[in-house]
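Q:
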């Protein structure tokens, strides 16, 4: 099959005129190097334009490489002096930036080359030598004709013959110097200018190609920036991709059948190191986790969060923290920030969720107030019952003894002692108490009366409170590994404070404190310190 002319017309299907033009074009290619160079630059420009338009360039490349014999410029590798093998113009492995850099380098070579001034040496011009040969031939022909004429006239050996021959030689050589040489010099100068113009045209073509690739590269950058604005991510680049490729290799090894647990652990440790490097680069590693297999992870492109994306993440985190704070203020529970704000309700409903400092202070103050109120009520009831019992005793001796016991040991002890020593006085005292409603309140004081006057408690049970406090205060001995609650006064006071802050019913708070290591005397001491009297 004949090669297509100009890379776009098939000779077998071309018209007669087209075939003539193709034949003329091929003749120029075979005989005129200048035409070949110009045609190469024209083909390069056509290829670049068609590539920019997304059109097929197969025929143009075939014409450029096969018929015009084009060889792309050889570039040096970045890491050394090793030259890369020539490749077709449209090799897709080169980026637009690399292509534009190559053409800019070629432009730099042209722009910085040493310009050779025009000079003409006739002796080295084949056309001049041919003109000399023609002049010499004309001289010989003229001399022969002159000799024949002089011989016919019988004056062959005369000076006229010599003069005529000299005139012929002078005329022919003078014509070469005055007519032919200037023409040859002008032709040489025109060739010189054609070559300079061709170099300038080549410079312009390289510039146009470089500009095309730069614009295409800029278009890719603009598209990447537009995607980054929409998604908040930019591609991680070659370095990140290389790390991901290493990670995929480790995953594939770990997924291979027959691998031992020890080998898998070793591969996992190496993978964790690569993930850490990716994370330091800012790459989102959520798609490359240990729980993701290699076939799925390999489909993800390593992406880096943009500054705008990071700012948006920070704003979202701040909004989550603020929302958690609002719910904590409303519920009194410590909540973990989360993006799903409906989860704050579920967190606050967990009875094991710790209380906020503000809620602990509120509960502590309420507990102190409740204990103080209960103590005051008990003291008032006991004082009134004491007066009723004392006034009911008719024997002044036993009344004085009863008074003394109450002052020293309390009402309960005084009644018990009175019951032992004088049954009559005891019956009179208890009857006096029972006859008055306020005095009976002292006899009935306890959990039953407290339940009748205190709102129903819906918080932790004693066991739950003890478990929560034990987890909070238990420490591990670094030497023996044994776990226990410290027995120092500061820890005991904090146990007292946090137990009171839980708002347990009266009596249950003391029970929890005893379980956690506080003695009744220590509890009474803290009650006194915080304004809660134990009463008699």
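In UniProt numbering, the protein residues as written are 1 to 536. Backbone N, C-alpha and C fix where the C-beta goes; we use that ideal spot for every residue, glycine too.
Mapping the DSSP letters down to three states, classify residue 386 as helix, strand or coil.
A: Taking the first residue of the chain shown as position 1, residue 386 is located at position 386. Residue 386: helix per DSSP, three-state reduction.
Q: Does the separation of the CB atoms of residue 248 and residue 294 fall below 7 Å?
A: Taking the first residue of the chain shown as position 1, residue 248 is located at position 248. Taking the first residue of the chain shown as position 1, residue 294 is located at position 294. Going by C-beta atoms, residue 248 is nearer than 7 Å to residue 294.
Q: In this structure, how does DSSP classify residue 259 when only helix, strand and coil are distinguished?
A: The count along the chain shown starts at 1 and reaches residue 259 at position 259. It is coil, neither helix nor strand.
Q: Report back the beta-carbon spacing between residue 172 and residue 135 to the nearest angstrom; my notes put them in contact at under 8 Å.
A: By one-based count along the chain shown, residue 172 stands at place 172. By one-based count along the chain shown, residue 135 stands at place 135. Between residue 135 and residue 172 the Cβ distance is about 4 Å, and since that is below 8 Å, they are a contact.
Q: Which same chain residues end up closer than 8 Å to residue 426 when comparing Cβ atoms and leaving out the 5 residues on each side of it in sequence?
A: Along the chain shown, one-based indexing puts residue 426 at 426. The answer, listed in chain order, is 415, 418, 419.
Q: Can residue 500 and residue 367 be called in contact, C-beta distance under 7 Å?
A: As a working note, residue 500 is residue 500 in the chain shown. As a working note, residue 367 is residue 367 in the chain shown. A contact, by the Cβ cut-off of 7 Å.
Q: Within 10 Å of its beta-carbon, does residue 447 have 16 or more other beta-carbons around it, so buried, or fewer, so exposed?
A: Numbered from its first residue, the chain shown carries residue 447 at position 447. Caution is warranted here: a pLDDT of 41 is assigned to residue 447, below 50, making its placement in the model unreliable, and the coordinate value is therefore given only provisionally. When all chains shown are included, residue 447 counts as exposed.
Q: In this structure, what does DSSP give as the bridge partners for residue 233?
A: Start at 1 with the first residue of the chain shown, and residue 233 comes out as number 233. Paired residue(s): 305.
Q: Put residue 510 into one of helix, strand or coil per three-state DSSP.
A: The residue labelled residue 510 in the question sits at position 510 within the chain shown. If DSSP states are grouped into helix, strand and coil, residue 510 belongs with the helices.
Q: Consult DSSP for residue 119 and reduce its assignment to one of helix, strand or coil.
A: Mapped onto the chain shown, residue 119 falls at position 119. In this structure, residue 119 counts as coil in the three-state DSSP scheme.
Q: Can you tell me which of the three DSSP states residue 342 falls into?
A: In the chain shown, counting from the first residue as 1, residue 342 sits at position 342. Residue state, collapsed to three classes: coil.
Q: Roughly how many angstroms separate the alpha carbons of residue 454 and residue 505, rounded to a whole number?
A: Here residue 454 refers to the residue found at position 454 of the chain shown. Here residue 505 refers to the residue found at position 505 of the chain shown. Residue placement at residue 454 is flagged as unreliable, the pLDDT there being 45, under the threshold of 50; a coordinate-derived value is accordingly withheld.
Q: Buried or exposed, going by whether 16 or more other CB atoms sit within 10 Å of the CB of residue 302?
A: For this step, residue 302 is matched to residue 302 along the chain shown. Buried.
Q: If you follow the alpha helix (DSSP H) that residue 113 is part of, which residue opens it and which one closes it?
A: Here residue 113 is taken as the residue at index 113 of the chain shown, counted from 1. Here residue 113 belongs to no alpha helix (DSSP H), and DSSP marks it neither H nor E.
Q: Please report how far the alpha carbon of residue 257 lies from the alpha carbon of residue 271, in whole angstroms.
A: Numbered from its first residue, the chain shown carries residue 257 at position 257. Numbered from its first residue, the chain shown carries residue 271 at position 271. C-alpha separation (whole angstroms): 18 Å.
Q: Is it a yes or a no for the stretch 339-357 touching the stretch 307-324, going by three-plus beta-carbon pairs under 8 Å?
A: Contact between the stretch 339-357 and the stretch 307-324 is present, because at least three Cβ pairs lie under 8 Å.
Q: Short of 8 Å in beta carbon distance, which residues of its chain neighbour residue 189, apart from the five on each side in sequence? Order them along the chain.
A: Position 189 of the chain shown, counting from 1, holds the residue named residue 189. These residues qualify, in order along the chain: 118, 120.
Q: On the three-state DSSP scale, how would you describe residue 298?
A: Taking the first residue of the chain shown as 1, we reach residue 298 at position 298. Here residue 298 sits in coil by DSSP.
Q: Mark residue 196 as exposed unless 16 or more other C-beta atoms lie within 10 angstroms of its C-beta, in which case mark it buried.
A: Position 196 of the chain shown, counted from the start, is the residue given in the question as residue 196. By the neighbour-count rule (16 or more Cβ atoms within 10 Å), residue 196 is not buried but exposed.
Q: Can you say whether residue 259 is buried or exposed, counting buried as having 16 or more other CB atoms within 10 angstroms of its CB?
A: Locating residue 259 in the chain shown gives position 259, where the first residue counts as 1. Classification for residue 259: exposed.
Q: Just grab the DSSP bridge partners of residue 132 for me.
A: One-based indexing of the chain shown puts residue 132 at position 132. In the DSSP output, where bridge partners are listed per residue, residue 132 has none listed.
Q: Are the stretch 507-522 and the stretch 462-473 in contact at 8 Å, needing three or more beta carbon pairs?
A: Contact holds: three or more Cβ-Cβ distances are below 8 Å.
Q: Alpha carbon to alpha carbon, how far is residue 268 from residue 527? Give it in angstroms, no decimals.
A: Here the question's residue 527 lines up with position 527 in the chain shown. Here the question's residue 268 lines up with position 268 in the chain shown. When rounded, the distance between both Cα atoms is 57 Å.
Q: In whole angstroms, give me the CA-to-CA distance for residue 231 and residue 311.
A: Looking up residue 231 in the chain shown gives position 231. Looking up residue 311 in the chain shown gives position 311. Approximately 13 Å between the Cα atoms of the pair.
Q: Considering only C-alpha positions, which residue in the set 488, 364, 104, 99 is nearest to residue 216?
A: In the chain shown, the residue the question calls residue 216 occupies position 216. Among 488, 364, 104, 99, the Cα nearest to that of residue 216 is on 99.
Q: Classify residue 265: buried if its beta carbon has 16 or more other beta carbons within 10 angstroms, exposed otherwise.
A: The sequence position of residue 265 within the chain shown is 265, counting from 1. It is exposed - the Cβ of residue 265 has fewer than 16 other Cβ atoms within 10 Å.
Q: Taking residue 489 as the reference, which of 503, 184, 460, 521 has the closest Cα?
A: Start at 1 with the first residue of the chain shown, and residue 489 comes out as number 489. Measuring from the Cα of residue 489, the nearest candidate turns out to be 521.
Q: Taking its Cβ as the centre, do 16 or more other Cβ atoms sit within 10 Å of residue 251, making it buried, or is it exposed?
A: Start at 1 with the first residue of the chain shown, and residue 251 comes out as number 251. Label assigned to residue 251: buried.
Q: If you draw a straight line from the C-alpha of residue 296 to the C-alpha of residue 286, how long is it?
A: In the chain shown, the residue the question calls residue 296 occupies position 296. In the chain shown, the residue the question calls residue 286 occupies position 286. Their backbone Cα atoms lie some 12 Å apart in a straight line.
Q: Taking all protein chains shown into account, decide if residue 409 is buried (16 or more other Cβ within 10 angstroms of its Cβ) or exposed.
A: Start at 1 with the first residue of the chain shown, and residue 409 comes out as number 409. Residue 409 is exposed by the Cβ-count criterion.
Q: Could you work out which residue in 221, 281, 111 is closest to residue 588 when comparing CA atoms only?
A: In the structure as shown, the chain starts at 1 and stops at 536, and residue 588 therefore has no counterpart that could be examined.
Q: Would DSSP call residue 80 helix, strand or coil?
A: The residue you call residue 80 lines up with position 80 of the chain shown. Note that residue 80 has pLDDT 39, beneath the 50 cutoff, so the model's placement of it is unreliable and no number is given.
Q: Here's the rule I'm using: 16 or more other beta-carbon atoms within 10 Å means buried, otherwise exposed. How should residue 543 be labelled?
A: With the chain covering 1 to 536 only, the question about residue 543 has no answer from this structure.
Q: Return the chain-ordered list of same chain residues with a C-beta closer than 8 Å to the C-beta of residue 334, the five sequence neighbours on each side being excluded.
A: Taking the chain shown and counting its residues from 1, one reaches residue 334 at position 334. Taken in chain order, the residues that qualify are 328, 353, 354, 355, 356.
Q: Rounded to whole angstroms, what's the CA-CA distance from residue 337 to residue 317? Just pull it up for me.
A: On the chain shown, residue 337 is found 337 positions in, with the first residue counted as 1. On the chain shown, residue 317 is found 317 positions in, with the first residue counted as 1. Taking the straight line from one Cα to the other gives about 8 Å.
Q: Helix, strand or coil for residue 283 per DSSP?
A: Your numbering for residue 283 matches position 283 in the chain shown. In the structure shown, residue 283 sits in a strand (DSSP, three-state: E or B).
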